[in-house]
Structure formats: C-alpha cells, structure tokens
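Counting in this note's numbering, the sequence shown runs from 231 upward without gaps.
Glycine residues also receive a C-beta, built at the ideal position from the N, C-alpha and C atoms.
In what follows, a single structure is set out as structure tokens and then discussed.
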Amino acid sequence: MQPIPLLGGPVRLTGALDVDQRPTGIIPRRLPDWTRPQVPPFMVAVATQPSGVRLEFDSDTRCIELHLKLARFEQGPAGVADAVFDLVIDGDVTLAQQGEGGDRVWVDPADPNHVEIRRGEPCTVRFEDLPAGSKRLALWLPANARVELIELRIDPDATIAAAEPSGLRRWIHHGSSISHCSEAHSPTRTWPAVAARLGGVELLNLGLGGSCHLDQFVARTLRDEPGDLLSLKAGINVINMNSLTERTFAPALHGFIDTVREGKPDTPFLIASPIICPCAEQHPGPTVPDAQGVFRIIEGDPRIRRDSLTLTMVREIIEDIVAQRRAAGDAQLHYLNGLELFGEADLDDLPDALHPNGDGYVRMGERFHQLAFADGGPFA
Numbered sequence: 231m232q233p234i235p236l237l238g239g240p241v242r243l244t245g246a247l248d249v250d251q252r253p254t255g256i257i258p259r260r261l262p263d264w265t266r267p268q269v270p271p272f273m274v275a276v277a278t279q280p281s282g283v284r285l286e287f288d289s290d291t292r293c294i295e296l297h298l299k300l301a302r303f304e305q306g307p308a309g310v311a312d313a314v315f316d317l318v319i320d321g322d323v324t325l326a327q328q329g330e331g332g333d334r335v336w337v338d339p340a341d342p343n344h345v346e347i348r349r350g351e352p353c354t355v356r357f358e359d360l361p362a363g364s365k366r367l368a369l370w371l372p373a374n375a376r377v378e379l380i381e382l383r384i385d386p387d388a389t390i391a392a393a394e395p396s397g398l399r400r401w402i403h404h405g406s407s408i409s410h411c412s413e414a415h416s417p418t419r420t421w422p423a424v425a426a427r428l429g430g431v432e433l434l435n436l437g438l439g440g441s442c443h444l445d446q447f448v449a450r451t452l453r454d455e456p457g458d459l460l461s462l463k464a465g466i467n468v469i470n471m472n473s474l475t476e477r478t479f480a481p482a483l484h485g486f487i488d489t490v491r492e493g494k495p496d497t498p499f500l501i502a503s504p505i506i507c508p509c510a511e512q513h514p515g516p517t518v519p520d521a522q523g524v525f526r527i528i529e530g531d532p533r534i535r536r537d538s539l540t541l542t543m544v545r546e547i548i549e550d551i552v553a554q555r556r557a558a559g560d561a562q563l564h565y566l567n568g569l570e571l572f573g574e575a576d577l578d579d580l581p582d583a584l585h586p587n588g589d590g591y592v593r594m595g596e597r598f599h600q601l602a603f604a605d606g607g608p609f610a
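As structure tokens, then:
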C-alpha cells in the first residue's frame with residue numbers, strides 16, 4: 231500500500247481547527263490553537279473527539295487503509311461504545327467499518343476532571359472494493375472516540391489529488407453533548423451531519439459534550455472562523471452543572487451574541503433552546519446519572535437554589551433575548567424551540583433521560599433541516 235501524508239499533502243482535514251502532533255501521529259482538535267490556555271481539562275478531551283471531522287481527497291484507489299489508535303470513553307453501564315468510521319463516496323454514504331482496541335477512558339460522572347485510562351493497541355480500518363475510477367472520498371471519523379491518525383494508505387498504483395473546495399455554504403454549529411452526538415449510529419448520522427447533508431452545506435460541528443456554557447473563547451471562534459450560517463444550541467449544560475443562574479444566564483447569552491456579532495453582524499444566526507429532559511423541566515440541576523445510567527436531579531437546599539434555572543426558564547429567557555434583539559434591529563437572529571426538535575412524543579428514544587439514541591438523532595437532523603433549511607427557514 232502507498233502511504234499518504236496526513237498533513238501538508240492532498241488530504242484535507244475538514245471539521246478540525248487544529249491538531250495535536252505526536253511522535254506517532256496526529257490527533258484532530260475541534261478548537262483553534264489559541265484557545266489552549268483557556269480550555270478546561272474535560273473540554274480538552276471532548277474537543278479531541280472528532281464529531282464531524284473527515285479526511286477528504288480525490289483518488290482512483292480501490293482500497294483505503296487508515297492506521298490509527300483510538301481512545302474510547304466508557305459510558306456508564308453501557309460500557310464502551312463502538313467507534314464507527316463512515317466512507318462517503320461522491321456524496322453518498324457507502325461503507326462503514328468499526329475500529330478496534332485502543333485506550334479505554336473512564337470519566338467519573340460526579341467529577342469530570344477525574345479520569346482513569348487503560349492503555350491499548352492501534353488498529354487498522356480498511357475499506358475495500360471501492361468503485362473504479364476517480365471519486366471524491368470523505369472518510370468520517372467517529373464522534374465518540376479520540377482518534378490518533380497514524381497513517382493513511384491507498385493502492386500502490388493509485389493516484390490522489392486534493393479535493394476541490396465544495397463551494398457549499400459553511401455552517402458552524404456549537405452545542406452540548408446533544409450536538410456532539412456520541413450515541414449516534416455512525417458519524418454521518420449525528421443530527422448536525424444529517425441536517426447538513428439534507429441542507430446541502432458544509433458542516434463545522436463544535437458540539438462539545440458537557441461543555442456548552444457560553445464560553446467567550448467559543449464565541450470568538452464563531453466570530454473569527456469563516457462561516458455563512460451560525461447556530462447555537464444552549465441551555466442543557468447550564469442545568470447539568472448548575473453553571474449559570476437566573477442572574478447570570480441572560481447576560482452571558484447577550485455577551486456571547488455580542489462577541490459573534492462583532493465579526494459577523496449580518497450572518498444568519500439561529501439559537502435553539504434545549505430539547506426535553508424530563509427531570510429538569512421544572513426542577514433545577516445539577517444532574518447526574520444513577521446506577522442504571524439514567525440522569526436524575528440532585529436535590530439541594532431551596533435557599534441556595536432559589537436563583538437556579540430550570541429548562542422551562544431557560545427556554546423563556548432565550549426566546550425573550552432573541553425577540554429583544556430582533557426588535558432592536560438584528561433581523562438575522564432567529565429562535566428555535568428545542569421541543570420542536572425532540573419533545574415529549576420522542577421520549578421512547580431518550581434512554582438515559584438526557585441524550586437521544588441513534589434513531590432520535592436522525593429524526594432531530596431531519597426536523598432541523600425542515601425548520602431551518604426549508605423554504606421560509608432562517609437558512610433557506
């Protein structure tokens with residue numbers, strides 16, 4: 231097989247904004263290099279899980295091999311999820327393969343900064359019997375595992391060229407684990423990937439599990455990255471970690487929008503509120519999974535929690551802020567109620583009472599496409 235350089239050659243690493251370079255390979259990273267001093271430790275881990283990241287190139291190869299090392303996260307009683315790679319050929323999702331082995335990472339749900347690692351070995355993912363002739367290839371990396379890319383290989387006599395820019399509008403989305411989509415069936419079936427494919431746009435997914443807290447370094451990333459469409463799906467992590475209150479949430483959201491608008495004053499910007507989470511609809515967080523992996527509210531002293539937020543309050547605040555700013559002249563700022571994406575009728579596909587399952591994510595993507603990209607939508 232013919233080795234192909236992962237950096238500085240014909241391969242485009244789309245959906246990543248930086249890489250960690252190691253002696254053995256590279257790890258895609260979904261936040262810019264300048265954010266490193268500002269990113270909390272747990273967020274470093276989720277930023278290196280490549281949701282929406284893909285290797286793009288043109289080639290007439292009939293076989294592709296990707297040698298890599300995984301770091302897979304244990305997810306409560308479910309254990310370690312499969313790390314699935316999708317190969318898209320000329321725009322169609324054609325093949326899927328699973329990565330094996332690698333490191334196993336356990337994160338304490340009560341303390342996300344407490345991490346235990348069991349070391350494993352690299353593996354090779356192989357796609358065979360590809361169609362003859364030159365074709366546009368996009369190898370999507372798993373959303374639910376860190377991937378150290380060691381070597382990409384094609385047939386010995388095959389040719390390879392850089393993929394031409396798609397010319398599509400670029401959509402930048404930021405959200406929580408519900409936008410990161412670790413539970414998706416495969417990387418092209420996260421809800422942002424489904425919506426992007428149906429909407430005919432190029433996706434940059436900044437869905438970062440447990441890490442959507444209206445951080446200014448993320449707002450500056452949305453401000454500075456080239457993009458034609460913007461969206462923010464915020465609120466659930468604020469409840470999960472009780473990180474903002476009724477007093478601080480609205481100013482933080484205003485500040486996030488202000489920062490983005492410094493660089494993109496007229497770009498369509500859609501802000502979505504949280505989907506359903508039964509335990510937090512009328513009760514403030516924080517939330518933790520129980521022994522069965524189902525998320526529950528931690529009860530606390532009402533005197534301390536009187537300024538804490540519920541999901542009902544968060545939706546009202548977001549809707550009010552968007553309405554205020556539209557009335558003040560920001561006609562390209564839009565609101566979407568998260569219950570329109572995933573609501574009470576969808577609870578059968580919410581197995582841990584917080585995250586949709588794979589079928590739920592596909593349905594969310596289809597609904598987001600209809601609400602945002604179809605005629606009359608903010609991204610039409």
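Give a single yes or no on whether residue i has its beta carbon closer than 7 angstroms to a heavy atom of the ligand SAH.
| i | result |
| --- | --- |
| Ile257 | This structure does not include the ligand SAH; it has no bound ligands of any sort. |
Answer with buried or exposed for residue i, where buried requires no fewer than 16 other C-beta atoms within 10 angstroms of its C-beta.
| i | result |
| --- | --- |
| Gly363 | exposed |
| Ala558 | exposed |
| Gln268 | exposed |
| Gly573 | exposed |
| Trp421 | buried |
| Gly430 | exposed |
| Leu285 | buried |
| Glu358 | exposed |
| Pro270 | exposed |
| Pro253 | exposed |
| Trp264 | exposed |
| Thr291 | buried |
| Gln512 | exposed |
| Pro395 | exposed |
| Leu398 | exposed |
Going by DSSP, what residues sit across from residue i in a beta bridge?
| i | result |
| --- | --- |
| Asp454 | Paired residue(s): none; Asp454 is not in a bridge. |
| Asn472 | Answer is none; Asn472 lacks a bridge partner. |
| Thr389 | Bridge partners of Thr389: none, in fact. |
| Thr517 | Ile527 |
| Gly429 | Paired residue(s): none; Gly429 is not in a bridge. |
| Trp370 | Arg284, Asp316 |
| Val377 | Leu300 |
| Phe499 | Leu460, Leu563 |
| Cys353 | Leu298 |
Are residue i and residue j close, meaning C-beta to C-beta below 8 angstroms?
| i | j | result |
| --- | --- | --- |
| Ile402 | Leu367 | no |
| Asp582 | Pro519 | yes |
| Gly437 | Cys411 | yes |
| Glu413 | Gly568 | no |
| Asp316 | Ala393 | no |
| Gly350 | Asp322 | no |
| Cys509 | Thr517 | yes |
| Asn467 | Ser281 | no |
| Gln600 | Ala388 | no |
For residue i and residue j, which I take to be in contact (beta-carbon distance under 8 angstroms), what is that distance rounded to the nearest angstrom?
| i | j | result |
| --- | --- | --- |
| Ala480 | Ile547 | 5 angstroms |
| Glu304 | Trp336 | 5 angstroms |
| Arg536 | Glu492 | Incorrect: roughly 35 angstroms between the Cβ atoms, too far for contact. |
| Gly443 | Leu474 | The question names Gly, but residue 443 is His in the sequence shown. At roughly 7 angstroms, the Cβ-Cβ gap stays under 8 angstroms, so His443 and Leu474 are in contact. |
| Asp248 | Pro262 | 6 angstroms |
| Leu296 | Val241 | Not quite, the Cβ-Cβ distance comes to about 11 angstroms (not below 8 angstroms), so this is no contact. |
| Ser503 | Arg556 | The pair is not a contact, with the Cβ atoms about 15 angstroms apart (cut-off 8 angstroms). |
* Asked: Which runs of the alpha helix (DSSP H), 4 residues or longer, sit entirely within the region 257 to 326?
  -> 271 to 277
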